[in-house]
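Q: My structure is below; once you've seen it, I'll send some questions.
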Amino acid sequence: MLNSTPKKSGYICVPYQHDKFSIDVKDMWISSRNIKSIYFVTATFSDECKPYFPFSTNHYLLAKFDDEEKLLKDATKFTNSKPTFVFTVDNDLFERDFDNEQRFISTYYLEYNDSEAIADVANIIVKKDKIRQAGFAHLNLFCSEKPKFVFPHTQKIVIIEVSDDRSPQSINQYCEKARQNISRKGVVMNNFVSLSLLEKLK
Numbered sequence: 001m002l003n004s005t006p007k008k009s010g011y012i013c014v015p016y017q018h019d020k021f022s023i024d025v026k027d028m029w030i031s032s033r034n035i036k037s038i039y040f041v042t043a044t045f046s047d048e049c050k051p052y053f054p055f056s057t058n059h060y061l062l063a064k065f066d067d068e069e070k071l072l073k074d075a076t077k078f079t080n081s082k083p084t085f086v087f088t089v090d091n092d093l094f095e096r097d098f099d100n101e102q103r104f105i106s107t108y109y110l111e112y113n114d115s116e117a118i119a120d121v122a123n124i125i126v127k128k129d130k131i132r133q134a135g136f137a138h139l140n141l142f143c144s145e146k147p148k149f150v151f152p153h154t155q156k157i158v159i160i161e162v163s164d165d166r167s168p169q170s171i172n173q174y175c176e177k178a179r180q181n182i183s184r185k186g187v188v189m190n191n192f193v194s195l196s197l198l199e200k201l202k
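Going by full-length UniProt numbering, 27 is the number at position 27 of the sequence shown; the sequence numbering is gapless.
So, in structure tokens, the structure goes:
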């Protein structure tokens, strides 16, 4: 009998530390058909999230994967003492074709997971013309060190990809305006982590 469960795509962020672990992960992904693209990125965590991830770092390898199930079979190969973040997309809002590459990925978390909030988020994000792709996701963490505090908002993560030739600071402000517009609707959407894409490796 064929497995009818649909494949779930998403993003994975693994700490990059110029060591054997990082190089092995990069090499594994470059040869994997499940990995669509790989980027070297800098990450900026929001102040609210930092206490939950004290072992986080500034530099990550970011990969886009096609199939979560295949990715997680190799979980031991991308788990070490600093947390790895796997964002699995549950609901794609839209994807647009742009000539320029994506430059920035911004992630948020909703404190309340209800259908009205989701509709408000979708209606505002779709109007932002520099957003290449957006969706709702859930977060899984992989780390050999047990965190002191458990991050409670893993089930409703908002991810947006931005294609914009401006500086990361300007793109961040662009995303922040969208977040503020959503907040005016009464939806509590908080910053999680912003990723500035520095170099494409695959």
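Beta carbons: idealized from backbone N, C-alpha and C, even for Gly.
Using the beta-carbon count (16 or more within 10 Å), is isoleucine 23 buried or exposed?
A: exposed
Q: Does the Cβ-Cβ distance between aspartate 90 and alanine 134 come in under 7 Å?
A: Going by C-beta atoms, aspartate 90 is not nearer than 7 Å to alanine 134.
Q: Under three-state DSSP, which class holds residue 206?
A: The shown model of the chain, from 1 to 202, leaves out residue 206, and the question about it has no answer.
Q: If you drop the 5 nearest sequence neighbours on each side, which residues of the same chain put their C-beta closer than 7 Å to that of tyrosine 52?
A: Pro147, Phe149 and Phe151
Q: Along the chain, where does the beta strand (DSSP E) containing leucine 61 start, and where does it finish?
A: 59-65 is the extent of the beta strand (DSSP E) around leucine 61.
Q: Is asparagine 80 helix, strand or coil by DSSP?
A: coil
Q: Our contact map puts proline 6 next to threonine 57 with C-beta atoms below 8 Å; I'd like the distance itself, whole angstroms only.
A: Actually they are not in contact, since the Cβ atoms of proline 6 and threonine 57 sit about 33 Å apart, beyond 8 Å.
Q: May I have the straight-line CA-CA distance separating serine 105 from lysine 26, to the nearest angstrom?
A: One point to set straight first is that residue 105 is isoleucine, not serine, in the sequence displayed. In a straight line, the C-alpha of isoleucine 105 is about 20 Å away from that of lysine 26.
Q: Spatial neighbours of valine 193 within its chain, please: CB distance less than 6 Å, with the 5 preceding and 5 following residues excluded, ordered by chain position.
A: Ala43, Phe45 and Thr107
Q: Could you check which residue in Asp92, Val41, Ala63 and Ser32 has the C-alpha nearest to that of valine 86?
A: Ala63
Q: From Ile159, Gln169 and Asn190, pick the residue whose C-alpha is nearest to that of glutamate 48; which is it?
A: Closest by alpha carbon: Asn190.
Q: In the DSSP assignment, find the unbroken alpha helix (DSSP H) run with alanine 117 in it and report its ends.
A: 115-125
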